[in-house]
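Asks:
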Amino acid sequence: MTKTVVAVDGPAGSGKSSVSKAAATRLGFDYLDTGAAYRALSWYILDAGIDSADAAAVVSSLGGFDYTIGTDPIGYHVRVGQTDVTDSIREPRVTAVVSNIARVPEVRAHVTGIFRDIIRDSMAPGIVVEGRDITTVVAPDATARILLTATEEARMSRRSAELASESASEVASALQKRDRADSRVVDFMTAAPGVTTVDSTTLNFDETVDAVLDVIRTSQ
Ligand code: C5P
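Numbering follows full-length UniProt numbering, in which position 81 of the sequence shown is assigned residue number 81; successive positions increment by one, without gaps.
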């Protein structure tokens with residue numbers, strides 16, 4: 001049986017991580033959060049005291065970057081060396097530098113190779129892979145290719161609800177800044193040819209998961 005590969009791209013706050021994880025759980029598939037790998041690398045760069053704006057220093061640190069990213073959607077975890085960084089990669093100090101690190105072409109080539117190995121080695125009947133360039137660069141031949149979008153307003157209000165400690169305006173400006181920086185590197189706001197757009201603006205969580213599952217079923 002051939003493995004089903006589901007590629008999901010989308011901007012920050014589109015719900016792609018939680019929706020992709022839920023879809024993978026429903027299907028008994030593996031799940032790969034590629035943003036978590038960029039975040040784990042950023043955590044490692046900060047921990048090593050390397051200047052994230054120094055692309056040459058970031059590139060030379062790649063050889064020592066040893067991380068494990070779980071693909072079980074239920075027991076999901078991320079480790080750098082022996083340290084569990086599943087929660088700390090979500091800290092604002094990591095979010096603040098991740099785009100800087102992810103825009104370095106050598107970084108992208110390095111982690112893209114790792115993502116392709118993980119997809120190839122997955123033992124599950126399928127894998128849901130989510131990020132910014134999965135439908136276009138990492139797995140352009142995926143069985144199902146989805147762009148998960150929502151209006152900026154909807155994305156901002158979801159993010160502010162998640163991060164209750166920050167004010168809505170801080171969340172909005174951080175989100176816009178990150179989307180702007182990220183979209184200079186890869187276009188995840190428009191669907192590439194053959195990619196199905198799922199707009200979650202007026203859908204609740206379960207409806208969005210169902211819409212994604214429908215695309216997967218019709219693509220198989
Ligand atoms: O998805 P998440 O918001 O956790 O991603 C964190 C960051 O990782 C993004 O802001 C982007 O800079 C980078 N990223 C990327 N390509 C991917 C996934 C994430 O550049 N495929």
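Backbone N, C-alpha and C define an ideal beta-carbon position, used for all residues, glycine too. All values derive from a computational prediction rather than experimental measurement.
Thinking residue 10 and residue 188 are a contact (beta carbons under 8 Å), I'd like their distance in whole angstroms, please.
Replies: Locating residue 10 in the sequence shown gives position 10, where the first residue counts as 1. Locating residue 188 in the sequence shown gives position 188, where the first residue counts as 1. With a Cβ gap of about 6 Å, residue 10 and residue 188 count as contacting.
Asks: Would you kindly work out how many angstroms separate the C-alpha atoms of residue 18 and residue 72, rounded to a whole number?
Replies: Indexing the sequence shown from 1 puts residue 18 at position 18. Indexing the sequence shown from 1 puts residue 72 at position 72. Distance between the alpha carbons of residue 18 and residue 72: 13 Å.
Asks: State the beta-bridge partners of residue 203 as determined by DSSP.
Replies: Taking the first residue of the sequence shown as 1, we reach residue 203 at position 203. Residue 203 pairs with nothing; no bridge assigned.
Asks: Ordered along the chain, which non-local residues of its own chain (more than five positions away) have a Cβ less than 7 Å from that of residue 36?
Replies: Locating residue 36 in the sequence shown gives position 36, counting from the first residue. For residue 36, where only same-chain residues beyond five positions count, the Cβ hits under 7 Å are 69, 78, 89.
Asks: Answer with yes or no whether the minimum CB distance from residue 61 to chain D is below 7 Å.
Replies: Of the protein chains in the structure, only one exists, and it is not chain D.
Asks: Based on Cα-Cα distance, which residue from 64, 156, 29 lies nearest to residue 75?
Replies: Position 75 of the sequence shown, counted from the first residue, corresponds to residue 75. Selected option, being the one with the closest Cα: 29.
Asks: Within its chain, find whatever has a CB closer than 8 Å to the CB of residue 116; leave out the 5 residues flanking it on each side and keep chain order.
Replies: Within the sequence shown, numbered from 1, the residue matching residue 116 stands at position 116. These residues qualify, in order along the chain: 138, 139.
Asks: Starting from the Cα of residue 150, find the closest Cα among 48, 198, 211, 56 and give me that residue.
Replies: Taking the first residue of the sequence shown as 1, we reach residue 150 at position 150. The residue with the shortest Cα to Cα distance from residue 150 is 198.
Asks: Along the chain, where does the beta strand (DSSP E) containing residue 144 start, and where does it finish?
Replies: Translated into positions along the sequence shown, residue 144 becomes position 144. Unbroken beta strand (DSSP E) run through residue 144: 144-149.
Asks: According to the Cβ coordinates, are residue 135 and residue 192 closer than 7 Å?
Replies: By 1-based counting over the sequence shown, the position of residue 135 is 135. By 1-based counting over the sequence shown, the position of residue 192 is 192. The answer is yes: Cβ separation under 7 Å.
Asks: May I have a chain-ordered list of the beta strand (DSSP E) segments no shorter than 3 residues that lie completely inside the segment 30-80?
Replies: The segment 30-80 contains these whole beta strand (DSSP E) runs: 30-33, 67-69, 78-80.
Asks: Hey, how far is the Cα of residue 167 from the Cα of residue 142?
Replies: Sequence index remark: in the sequence shown, residue 167 carries index 167 (1-based). Sequence index remark: in the sequence shown, residue 142 carries index 142 (1-based). About 38 Å.
Asks: Return the chain-ordered list of same chain residues with a C-beta closer than 7 Å to the C-beta of residue 57, the five sequence neighbours on each side being excluded.
Replies: The sequence position of residue 57 within the sequence shown is 57, counting from 1. Excluding sequence neighbours, residue 57 sits near 50, 51.
Asks: Please tell me whether, using a cut-off of 6 Å, the distance from the CB of residue 171 to the nearest non-hydrogen atom of the ligand C5P is below it.
Replies: Residue 171 sits at position 171 when you count from the first residue of the sequence shown. No.
Asks: Which class does residue 2 belong to by DSSP, given the choice of helix, strand or coil?
Replies: To locate residue 2, count along the sequence shown from 1; it is residue 2. It is coil, neither helix nor strand.
Asks: Do you know how far the Cα of residue 127 is from the Cα of residue 159?
Replies: Indexing the sequence shown from 1 puts residue 159 at position 159. Indexing the sequence shown from 1 puts residue 127 at position 127. Each residue's Cα considered, the two are about 26 Å apart.
Asks: If you compare alpha carbons, which of 145, 8, 101, 190 is closest to residue 60?
Replies: Looking up residue 60 in the sequence shown gives position 60. That would be 101, whose Cα lies nearest to the Cα of residue 60.
Asks: Just verifying my parser: in three-state terms, what is the DSSP assignment at residue 9?
Replies: The residue labelled residue 9 in the question sits at position 9 within the sequence shown. In this structure, residue 9 counts as strand in the three-state DSSP scheme.
Asks: Is residue 133 a contact residue of the ligand C5P, with contact defined as CB to any heavy atom under 6 Å?
Replies: By one-based count along the sequence shown, residue 133 stands at place 133. Answer for residue 133: yes, Cβ within range of the ligand C5P.
Asks: Return yes when the C-beta of residue 7 is under 6 Å from any heavy atom of the ligand C5P, and no when it is not.
Replies: As a position in the sequence shown, residue 7 is number 7, starting the count at 1. Flag unset: Cβ of residue 7 not near the ligand C5P.
Asks: Sorted by chain position, which residues of the same chain lie with C-beta nearer than 6 Å to residue 94's C-beta, five sequence neighbours on each side aside?
Replies: The sequence position of residue 94 within the sequence shown is 94, counting from 1. Excluding positions up to five away in sequence, the list reads 39, 42, 43.
Asks: Assuming contact is defined by CB atoms lying nearer than 7 Å, are residue 103 and residue 186 in contact in what I supplied?
Replies: Taking the sequence shown and counting its residues from 1, the one referred to as residue 103 is at position 103. Taking the sequence shown and counting its residues from 1, the one referred to as residue 186 is at position 186. For residue 103 and residue 186, no; Cβs fall outside 7 Å.
Asks: Buried or exposed, going by whether 16 or more other CB atoms sit within 10 Å of the CB of residue 202?
Replies: Translated into the one-based positions of the sequence shown, residue 202 becomes position 202. The residue is exposed, with fewer than 16 neighbouring Cβ atoms inside 10 Å.
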